Structure formats: structure tokens, C-alpha cells
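Undergrad: Once you've had a glance at the structure underneath, I'll fire off some questions.
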Amino acid sequence: MLELPDDHRAILDTVRRFCRERLEPRVRAFENGDEPLEPFFRELSESLGLREVADALVDGTASPFEGVSPLVLTGFVMHELSRCCPGVALSFGATTGLFGGAVMACGTPDQKRTWGRRALSLDAVGAWALTEPGAGSDAFGAMRTRARGVDGGFVLRGTKTFITNAPTCDVALVQARVEGASDGKIAGFIIPTEARGFTRGRPFDKLGMQASPTGEIFLEDVFVPNEMVLGGLGADGLPHDARFAIRASLGAERMGMIPMLLAMVERCLEEATTYAKGRVQFGAPIASFQLVQEKLARIHTTKMLLEVLFLRQIEAIACGRLGAISRAEASAQKLFAAKAAVDAAMDAIQILGGAGYMRGSVVEMMARDAKLFQIGGGTDDMQILTIARELLRQQ
Ligand SMILES: Cc1cc2nc3c(=O)[nH]c(=O)nc-3n(C[C@H](O)[C@H](O)[C@H](O)COP(=O)(O)OP(=O)(O)OC[C@H]3O[C@@H](n4cnc5c(N)ncnc54)[C@H](O)[C@@H]3O)c2cc1C
Numbered sequence: 022m023l024e025l026p027d028d029h030r031a032i033l034d035t036v037r038r039f040c041r042e043r044l045e046p047r048v049r050a051f052e053n054g055d056e057p058l059e060p061f062f063r064e065l066s067e068s069l070g071l072r073e074v075a076d077a078l079v080d081g082t083a084s085p086f087e088g089v090s091p092l093v094l095t096g097f098v099m100h101e102l103s104r105c106c107p108g109v110a111l112s113f114g115a116t117t118g119l120f121g122g123a124v125m126a127c128g129t130p131d132q133k134r135t136w137g138r139r140a141l142s143l144d145a146v147g148a149w150a151l152t153e154p155g156a157g158s159d160a161f162g163a164m165r166t167r168a169r170g171v172d173g174g175f176v177l178r179g180t181k182t183f184i185t186n187a188p189t190c191d192v193a194l195v196q197a198r199v200e201g202a203s204d205g206k207i208a209g210f211i212i213p214t215e216a217r218g219f220t221r222g223r224p225f226d227k228l229g230m231q232a233s234p235t236g237e238i239f240l241e242d243v244f245v246p247n248e249m250v251l252g253g254l255g256a257d258g259l260p261h262d263a264r265f266a267i268r269a270s271l272g273a274e275r276m277g278m279i280p281m282l283l284a285m286v287e288r289c290l291e292e293a294t295t296y297a298k299g300r301v302q303f304g305a306p307i308a309s310f311q312l313v314q315e316k317l318a319r320i321h322t323t324k325m326l327l328e329v330l331f332l333r334q335i336e337a338i339a340c341g342r343l344g345a346i347s348r349a350e351a352s353a354q355k356l357f358a359a360k361a362a363v364d365a366a367m368d369a370i371q372i373l374g375g376a377g378y379m380r381g382s383v384v385e386m387m388a389r390d391a392k393l394f395q396i397g398g399g400t401d402d403m404q405i406l407t408i409a410r411e412l413l414r415q416q
């Protein structure tokens, strides 16, 4: 159990109660695609008062959760959703964190009031579209989606892929290269999905995160008015370069993965411990065998280390020092936590034996979902390169 101050603990408990009652019974339905996520998100928003939180952030008024930062609240929601179903947390994070966070960080006041508020309150589902069929790890260098300046706005053409919430979103923040701008400038464009020329593919079938729809976005000469260019236009009449903001979004995404991974490891430990105590082989609970104990101890150690990382984030937020966490550190946290969670989930499956390998067991879902974290938000290899680059620059 995380060591938290009383006010933080009370909020975490509220979110946990909500997830136990409203999410846990629907996990299979979300995983199988039998039930859409949107009604659940509306319930979540109402239950936690996310509209009031969004209003407070947009209008600069007092937060309804006095003493607890909205960022910490988001971390708690990501944590608790992930304990039940990481895919639901992934879709929540894409809307509020990736899309909503980018609009709140870089948007014009109007964009914050409209799209920021709608995403943070979960009134609209958002997507954040960077990756393309030919541009994954080399997202900037190989980007082919183009924005051509026309009277009153830009016309976008290109394809995005592997985009969380693409099949269901109401609005997408699409990154595109600005034609004719110097040094390959990339800008963000807020595009409601009813825009002419904006279409999406069917949800991809995938290994894990099945509750979270992932898909393609096709842009065929989509007109985006100037007021929907993220951050508006600069004095030169051109969009601002979004590369710094995109890197910041990726850093925030990597940090946001820590509470998710912690929750997944916690859940694996609980499932594995309960099973090991109850499962009898050779006339004794398997928990009495030291080889099983070793795996439990390993998962527990991972849990402790991820707790430290999450508490470090909470502390940094409380001191207003989140920005001091460098890109390399965010990469290092993600690199470590993702691998540790995959290993912990595999250890948990091992402890449950055949029962852990069966579709529908919690540890099986956690193992499939954990693998995503070694790919999404930048692969493990990209994190290593980022860490090494910063390390060598410092010396
Ligand atoms: C479920 C899911 C959800 C996603 N959601 C989003 C989203 O919401 N928005 C979005 O924009 N994207 C999203 N992505 C895309 C994700 O960010 C990319 O998949 C990821 O960045 C890797 O790109 P890629 O798949 O094209 O792999 P590639 O870049 O083709 O990499 C393939 C392999 O080559 C390795 N590699 C590449 N370059 C190097 C190098 N220089 N050195 C060493 N190894 C290298 C990689 O590490 C990897 O192992 C999502 C992906 C998934 C699976």
C-alpha cells in the first residue's frame, strides 16, 4: 500500500471504490469490444467531478480537490484504472493526458476553453496522432503527412497509424509537416472527426490493451482553419514549431506510465500471492516452496521500486518541480518500469501455472498489456538512445 498523506489517500480510495464497483464487472466486456468505453468515461467523470476539475484548470479557479494537484489526481485515476484494466487507462490517458495535456500546454485560450475542457472532463474522446506507416521511431525525420497553407487555414494530407482512440475519438491532434516552412517545421492541428476528408480504419486486432481501440487515421485534403492550429499562428503568419511540445508530450506520457505499471505489478503480486497460498501440490500450498517464494519476492521488489518512482513524481508535483525531471530520466523510468512489469507479469503467470495462462485470468491480461510499454511512447531502444545521448552530452 502506497504511503500517502490522508487527503491523497482519501482520493485514491474513492477512485478505487469506483473502479471496483463500476469497472471490474465490465472488464471482459471492454476487452471483447462488447461494450463501448464512452458511457463508462461519462460515469467516471461524473463520479469524480472531472468537469469541475477541468473548469478549474481552464478558468484558473480553485480545484475541487483542495491540496491535491489535478496531475496527482490523474496519476491516481491511471493507477486505479490499470489495476482493473490497463486498456481503459490507456484510452483515458490518450484523451486527458496526450490530447488534453497538449492542448492545455500549448493551445490558445479558445482551444483550451473548448477542446481542453472537453477532453479533461471526458466529454469528448481525444487522440494524439504522431506515428505513421513509415514513421515510427523516426517520427520527425520520416513524417510524410503534409499541411499546405491556403486562404484561412491549412489543408492536410497523409496517414497516421497505431493511434490510440482513433476508431472512436471525437477529435484528434494531428502532427504534420508544414509545407514551405524552413527546417522541416512540424505543427499540431486540432481536427474534429466530422471534418470533411477525415476517415479512420477499423480497430486493429492486437496482442494486448484490447479494451483500448487502436487504429489508423486517413487525411484526404482535410481543411483545418487557422484557429485550430495548436497554439495559433506566430507573428510570421506560420504555425509554431511543435517539435519541442511533441517531445514534452512524449516525456509526460512516459511519466504517466509509471502509475499504470505500478498498479499492474501490484495486481500481479496480489493474484500470485493469493493463488500460491491456496494452491496445494505435493500436499502443501505452493507458497511453501522456495522457488515460488523467490518469484513472489522478485515481484514484491519490483513493486517497491515502482512505488519509489511514483512517489518521486508526486513529490515533484507537490514541490512544483515536475519540470526538473529531465527527458533522460523520464526515459530511464519508463525503460526500467516497462521491463520490470513484463518480468513481474511473467513470474505471476508462472506461479499460477495453467490457470495463469488461460484467457480471462488477470495475470494473463497484465502480461499482454505490459508488453505495450516496451513499444508505445517510444520503444525501449529509443529510451536507451535518449538516456545515452543526454548522459554523453553532460560529460
Ligand atoms: C497499442 C499501441 C498504441 C499506440 N498509440 C499511439 C498513439 O496514440 N499515438 C501515436 O502517435 N503513436 C501510437 N503508437 C505508436 C508507437 O508510438 C510506435 O509503435 C512506436 O513509436 C514504434 O514505432 P514502430 O512501431 O513504427 O516501430 P519501428 O520504429 O519500425 O521500430 C521497429 C524496431 O526497430 C527498432 N529501432 C528503430 N530504430 C532504431 C535505432 N535507431 N536503433 C535501434 N533500434 C531501432 C525499434 O526499437 C523496434 O524494436 C501506439 C502503438 C501501439 C502498439
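Sequence positions in the sequence shown follow the numbering used here and run 22 to 416.
For every residue, glycine included, the Cβ atom is placed at its ideal position computed from N, Cα and C.
In this text the structure is predicted, and so the values were computed from the model without any measurement.
For the segment 223 to 306, list the beta strand (DSSP E) runs that are entirely contained and at least 3 residues long, ordered along the chain.
TA: The qualifying runs are 235 to 246.
Undergrad: Using a threshold of 8 Å, state whether the C-beta atoms of residue 39 and residue 68 are closer than that.
TA: Result yes, Cβ atoms of residue 39 and residue 68 sit closer than 8 Å.
Undergrad: Along the chain, which unbroken stretches of the alpha helix (DSSP H) at least 4 residues long are found entirely within the segment 327 to 377?
TA: Those alpha helix (DSSP H) runs which fall completely within the segment 327 to 377 and span 4+ residues are 348 to 373.
Undergrad: Quick check on the DSSP output: the alpha helix (DSSP H) that includes residue 91 runs from which residue to which?
TA: Counting along the chain, the alpha helix (DSSP H) containing residue 91 begins and ends at 91 to 105.
Undergrad: Looking only at its chain, what residues have a beta carbon closer than 6 Å to the beta carbon of residue 187, apart from the 5 residues adjacent to it on each side?
TA: Excluding residues within five positions, the ones whose Cβ falls inside 6 Å are 148, 221, 236 and 238.
Undergrad: Pull up the CB-CB distance for residue 43 and residue 56, whole angstroms please, since I reckon it's below 8 Å.
TA: So it is not a contact: roughly 12 Å between Cβ atoms.
Undergrad: Put residue 324 into one of helix, strand or coil per three-state DSSP.
TA: Of the three classes helix, strand and coil, the one that applies to residue 324 here is helix, per DSSP.
Undergrad: Can you tell me the Cα-Cα spacing of residue 403 and residue 158, whole angstroms?
TA: Cα to Cα, the separation comes out at about 7 Å.
Undergrad: Kindly provide the ranges of any beta strand (DSSP E) runs that are 3 or more residues long and lie completely inside the segment 133 to 157, ordered along the chain.
TA: As far as the segment 133 to 157 is concerned, its whole beta strand (DSSP E) runs of at least 3 residues are 147 to 150.
Undergrad: What distance in whole Å lies between the Cβ atoms of residue 168 and residue 140, which are believed to be in contact at a cut-off of 8 Å?
TA: The pair is not a contact, with the Cβ atoms about 22 Å apart (cut-off 8 Å).
Undergrad: Whose CA, out of 182, 391 and 360, lies closest to the CA of residue 405?
TA: Of 182, 391 and 360, the residue nearest in Cα terms is 360.
Undergrad: Considering only the alpha carbon of each residue, which of 409, 287, 58 and 302 lies closest to residue 116?
TA: Nearest option by C-alpha distance: 58.
Undergrad: Check whether the Cβ atoms of residue 281 and residue 398 lie closer than 8 Å to each other.
TA: Result no, Cβ atoms of residue 281 and residue 398 do not sit closer than 8 Å.
Undergrad: Please report how far the alpha carbon of residue 316 lies from the alpha carbon of residue 309, in whole angstroms.
TA: If I take the Cα positions, the gap works out to 12 Å.
Undergrad: With 16 as the cutoff for other CB atoms within 10 Å, does residue 301 come out buried or exposed?
TA: When all chains shown are included, residue 301 counts as exposed.
Undergrad: Going by the beta-carbon positions, is the gap between residue 232 and residue 51 smaller than 8 Å?
TA: In contact: residue 232 and residue 51 (Cβ atoms closer than 8 Å).
Undergrad: Cβ of residue 219 within 8 Å of Cβ of residue 212?
TA: A contact, by the Cβ cut-off of 8 Å.
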